[in-house]
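A.B. asks:
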Amino acid sequence: MKHLIQFTLKAIQSSSNGKHAAISGSRASYLVRCLSADASAAESEQSFKGHGMLAPFTAGWQTTDSNPLVIEKAEGSYVYDVNGKKYLDSLAGLWSTALGGNEPRLVAAATKQLNTLPFYHSFWNRTTKVSLDLAKELLETFTATKMAKAFFVNSGSEANDTQVKLVWYYNNALGRPNKKKFIARSKSYHGSTVVAASLSGRLVSGETEEDFATRLANNLENLILKEGPETIAAFIAEPVMGAGGVIPPPATYFDKTVRIYLHSYLAQVQAVLKKYDILFIADEGSYAISDDVSLERSIVERVQNIAPKFQDGLKAFADSPIIGEIRGTGLILGTEFTDNKSPNDLFPSEWGIGAYFGKQCEKNGMLVRVAGDNIMICPPLIISEDEIDELISKYGKALKATEERVQELKAQKK
Ligand SMILES: Cc1ncc(COP(=O)(O)O)c(C=O)c1O
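Numbering follows the working numbering, with no gaps: position 371 of the sequence shown is 1534.
#1: Work out the CA separation of Ala-1534 and Lys-1557 for me, nearest whole Å.
#2: Just list the beta strand (DSSP E) runs in the region 1286-1361, keeping only unbroken ones of 3 residues or longer that don't cross its boundaries, in chain order.
#3: What does the Cβ neighbour count give for Thr-1279, buried or exposed, with the cut at 16 atoms within 10 Å?
#4: On the criterion of 16 or more Cβ atoms from any shown chain inside 10 Å, does Pro-1411 qualify as buried, or is it exposed?
#5: Around the C-beta of Ser-1240, are 16 or more other C-beta atoms found within 10 angstroms, so that it is buried, or is it exposed?
#6: Assign Thr-1260 to one of three DSSP states: helix, strand, or coil.
#7: According to the Cβ coordinates, are Glu-1499 and Asn-1537 closer than 8 Å?
#8: What number of angstroms, rounded off, separates the C-alpha of Leu-1362 from the C-alpha of Lys-1577?
#9: Who are the near neighbours of Pro-1340 in its chain, counting only those whose CB is closer than 8 Å to its CB and skipping five residues on each side?
#10: Quick one: is the Cβ of Gly-1256 within less than 7 Å of any heavy atom of ligand 1?
#11: Going by the beta-carbon positions, is the gap between Lys-1249 and Gly-1491 smaller than 8 Å?
#12: With a CB to CB cut of under 8 Å and the five nearest residues on each side skipped, what residues in its chain are close to Ser-1483?
#13: By Cβ distance below 6 Å, which residues in the same chain neighbour Arg-1568 in space, the five residues on each side in sequence not counted?
#14: What does the alpha-carbon distance come out to for the pair Pro-1267 and Glu-1513?
#15: Within a Cβ cutoff of 7 Å, which residues of the same chain sit near Cys-1541, ignoring the five residues on either side of it in sequence?
#16: Report the start-end ranges of each beta strand (DSSP E) in the region 1520-1569 that is 3 residues or longer and not cut off at the edges.
#17: Leaving out five residues before and five after Lys-1472 in sequence, what residues of the same chain have Cβ atoms less than 6 Å from its Cβ?
#18: Across the region 1385-1401 and the region 1340-1351, are there enough close Cβ pairs to call them in contact, namely three or more that are closer than 8 Å?
#19: Go through its chain and collect everything with a Cβ distance to Pro-1392's Cβ below 6 Å, but skip five positions before and after it.
#20: Taking a cut-off of 5 Å, which residues have a beta-carbon closer than that to any heavy atom of ligand 1, in chain order?
#21: According to DSSP, is Ala-1574 helix, strand or coil?
#22: Just the Cα atoms here: how many angstroms apart are Asn-1317 and Gln-1575?
#23: Look at the alpha carbon of Lys-1478 and the alpha carbon of Thr-1394, and state the distance between them as a whole number of angstroms.
#24: Excluding the five sequence neighbours on either side, which residues of its own chain have a C-beta within less than 7 Å of the C-beta of Glu-1384, listed in chain order?
#25: From what residue to what residue does the alpha helix (DSSP H) around Thr-1221 run?
#26: In three-state DSSP terms, what is Val-1409?
#27: In this structure, how does DSSP classify Leu-1496 when only helix, strand and coil are distinguished?
#28: For Asp-1296 and Lys-1309, what's the separation of their Cα atoms in angstroms?
#29: For Glu-1525, which residues in the same chain have their Cβ closer than 6 Å to its Cβ, ignoring the five residues on either side in sequence?
#30: Rounded to a whole number of angstroms, what is the C-alpha to C-alpha distance between Gly-1517 and Lys-1292?
#31: Could you tell me whether the Cβ atoms of Met-1539 and Gly-1497 are closer together than 8 Å?
#32: For Pro-1543, count neighbouring Cβ atoms within 10 angstroms of its own Cβ and tell me buried if that reaches 16, exposed if not.
#33: Here's a check: name, in chain order, each residue in its chain whose Cβ is nearer than 7 Å to the Cβ of Lys-1344, leaving out the five neighbours to either side.
#34: Short check: CB of Leu-1262 to CB of Ile-1545, under 8 Å?
#35: Bridge partners of Arg-1490, per DSSP?
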């Protein structure tokens, strides 16, 4: 049930959270113009400007100067805003509504539980039967690596804070109170709470993926030696970086599935980590398809069957002059806008190219995630073939409009 609550909270947050991540300065003023133009075009629509809520990844000025996108209803792969506009939810809430927005079996399970026991805690060796049942089921499901215990939290950020506390506790228990530091990768995202955010890297290293693949182990060892192995507790990494721009691991590390990847990745860095007795934390690394709904609908097979259509359909746009790179795996895909096909030729940030693309998607009835000039897409796993066609077509339309916008801005610059 906690998971259901988490999904619901994420659905509430996604309109603000996914849309304007990390936008500041001149880009912000660009967005203001962009959004106010929209607002005047739709005067009949409800306005929530100046609302009373603070939300993650939403600047204060946004709540006063612009109308938020307010989502009211979900239907499979779609969500609807308060004005009745329908959007293909190409970010699955916030990477989370894997079974779509209103799966009847999940709604029924939540309703049943809310009618039976809406809340009880698990402090002081008190708990609930449903929590124990879920823990048992989870432990039985993760067969690749046998897990000993499950710890329930309400978000990924809280999960990572908990990892840190457990690792600190572990080293204290072993009499190593100085072994407390964590190593995280640049561009990684591990959450928005204080500790999880401090694990999230922001450095752009300039290394190619291949350089990274071959040098990772050496870099890691050098860093460990510099910091002092006796002070490093753990290394945390996303198997496929998500919020950093959907960056799959370097090709030489990647195998067919995330699960296999984790093993080969571990094989590459494990020697270094093992040598210095450092724990490896895979953030969102493995997966468990345990609930009846997923099994009944053969979700894993569906995704395997449908993913090539999704990947090939979107990667066909890779030749666009404004796209530097399209990356992805399965039903996750990232687009990076750069000029001249070069990772070094970024568009001026005040042009707000990523934000413009996101706005065009929204206009065409599709939600994606924008972070600077990176676009992230990860539709619900239940997405149908027709819906993938729709996603590709809407992406194409937004891309064309964005290409025209770049032409216009370049002409103005001359
Ligand atoms: C890899 C990873 N870790 C942690 C988090 C934080 O999860 P939450 O938003 O549930 O706190 C996210 C969120 O997108 C994530 O992608």
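Even glycine gets a Cβ: it sits at the ideal position worked out from N, Cα and C.
Computed from a predicted structure; not experimentally measured.
C.D. replies: Quick answer:
#1: Counting from one through the sequence shown, the residue named residue 1557 turns up at place 394. Counting from one through the sequence shown, the residue named residue 1534 turns up at place 371. Their Cα atoms are separated by approximately 19 Å.
#2: Here the runs fully enclosed are 1344-1347.
#3: The sequence position of residue 1279 within the sequence shown is 116, counting from 1. Exposed, by the Cβ-count rule.
#4: Position 248 of the sequence shown holds residue 1411. In the assembly as shown, Pro-1411 is a buried residue. Its beta-carbon has 16 or more other beta-carbons within 10 Å.
#5: Mapped onto the sequence shown, residue 1240 falls at position 77. By the C-beta density criterion, Ser-1240 is buried, having at least 16 other C-beta atoms within 10 angstroms.
#6: Locating residue 1260 in the sequence shown gives position 97, where the first residue counts as 1. Assigned with DSSP and collapsed to three states, Thr-1260 falls in coil, not helix or strand.
#7: Residue mapping note: residue 1499 aligns to position 336 of the sequence shown, counting from 1. Residue mapping note: residue 1537 aligns to position 374 of the sequence shown, counting from 1. Taking 8 Å as the cut-off, the Cβ atoms of Glu-1499 and Asn-1537 count as close.
#8: Looking up residue 1362 in the sequence shown gives position 199. Looking up residue 1577 in the sequence shown gives position 414. Cα to Cα, the separation comes out at about 42 Å.
#9: Locating residue 1340 in the sequence shown gives position 177, where the first residue counts as 1. Setting aside the 5 residues that flank it on each side, Pro-1340 is surrounded in the same chain by Asn-1334, each with a C-beta closer than 8 Å to its C-beta; the list follows chain order.
#10: In the sequence shown, counting from the first residue as 1, residue 1256 sits at position 93. Gly-1256 has its CB no nearer than 7 Å to any heavy atom of ligand 1.
#11: Residue mapping note: residue 1249 aligns to position 86 of the sequence shown, counting from 1. Residue mapping note: residue 1491 aligns to position 328 of the sequence shown, counting from 1. Cβ atoms of Lys-1249 and Gly-1491: not closer than 8 Å.
#12: As a position in the sequence shown, residue 1483 is number 320, starting the count at 1. So the list reads Leu-1562 and Glu-1566, once near-sequence residues are dropped.
#13: Here residue 1568 is taken as the residue at index 405 of the sequence shown, counted from 1. So the list reads Tyr-1519, once near-sequence residues are dropped.
#14: Numbered from 1 along the sequence shown, position 104 holds the residue referred to as residue 1267. Numbered from 1 along the sequence shown, position 350 holds the residue referred to as residue 1513. When rounded, the distance between both Cα atoms is 44 Å.
#15: Within the sequence shown, the letter at position 378 stands for residue 1541. Leaving aside the five residues that flank Cys-1541 on each side, the residues in its chain whose CB is nearer than 7 Å to its CB run, in chain order, Leu-1254, Ala-1255, Trp-1258, Leu-1494 and Ile-1495.
#16: You should have 1532-1534 and 1537-1540.
#17: Within the sequence shown, the letter at position 309 stands for residue 1472. Closer than 6 Å at the Cβ level, and outside the excluded window around Lys-1472, lie Ile-1551.
#18: Yes, the region 1385-1401 is in contact with the region 1340-1351.
#19: Position 229 of the sequence shown, counted from the start, is the residue given in the question as residue 1392. Closer than 6 Å at Cβ, skipping near neighbours: Tyr-1439.
#20: Result (chain order): Ser-1318, Gly-1319, Ser-1320, His-1353, Gly-1354, Glu-1401, Gly-1405, Asp-1446 and Glu-1447.
#21: The sequence position of residue 1574 within the sequence shown is 411, counting from 1. Helix.
#22: If you number the sequence shown from 1, residue 1317 lands on position 154. If you number the sequence shown from 1, residue 1575 lands on position 412. For Asn-1317 and Gln-1575, the distance between alpha carbons rounds to 48 Å.
#23: Here residue 1478 refers to the residue found at position 315 when the sequence shown is read from its first residue. Here residue 1394 refers to the residue found at position 231 when the sequence shown is read from its first residue. Cα to Cα, the separation comes out at about 43 Å.
#24: Residue 1384 sits at position 221 when you count from the first residue of the sequence shown. Excluding sequence positions up to five before and after Glu-1384, its CB lies within less than 7 Å of the CB of Val-1435, all in the same chain and listed in chain order.
#25: Numbered from 1 along the sequence shown, position 58 holds the residue referred to as residue 1221. Segment: none, Thr-1221 is in no alpha helix (DSSP H) and carries neither H nor E.
#26: Along the sequence shown, read from residue 1 onward, the residue named residue 1409 stands at position 246. In the three-state reduction of the DSSP assignment, Val-1409 falls in the coil class, being assigned neither a helical nor a strand state.
#27: In the sequence shown, counting from the first residue as 1, residue 1496 sits at position 333. Strand at Leu-1496.
#28: If you number the sequence shown from 1, residue 1296 lands on position 133. If you number the sequence shown from 1, residue 1309 lands on position 146. Spanning the alpha carbons of Asp-1296 and Lys-1309 requires a straight line of approximately 17 Å.
#29: As a working mapping, residue 1525 is identified with position 362 in the sequence shown. Within its own chain, no residue has a Cβ closer than 6 Å to the Cβ of Glu-1525 once the five positions on either side in sequence are excluded.
#30: Counting from one through the sequence shown, the residue named residue 1517 turns up at place 354. Counting from one through the sequence shown, the residue named residue 1292 turns up at place 129. Distance between the alpha carbons of Gly-1517 and Lys-1292 is about 47 Å.
#31: If you number the sequence shown from 1, residue 1539 lands on position 376. If you number the sequence shown from 1, residue 1497 lands on position 334. It is a contact, given that the beta carbons lie within the stated cut-off.
#32: As a working mapping, residue 1543 is identified with position 380 in the sequence shown. With 16 or more other Cβ atoms within 10 Å, it is buried.
#33: Walking along the sequence shown from the start, residue 1344 turns up at place 181. For Lys-1344, where only same-chain residues beyond five positions count, the Cβ hits under 7 Å are Glu-1390, Thr-1394, Ile-1395 and Ala-1396.
#34: Stepping through the sequence shown from its first residue, residue 1262 is reached at position 99. Stepping through the sequence shown from its first residue, residue 1545 is reached at position 382. Yes, Cβ-Cβ distance for Leu-1262 and Ile-1545 is below 8 Å.
#35: Position 327 of the sequence shown holds residue 1490. In the DSSP assignment, Arg-1490 is bridged to Gly-1497.
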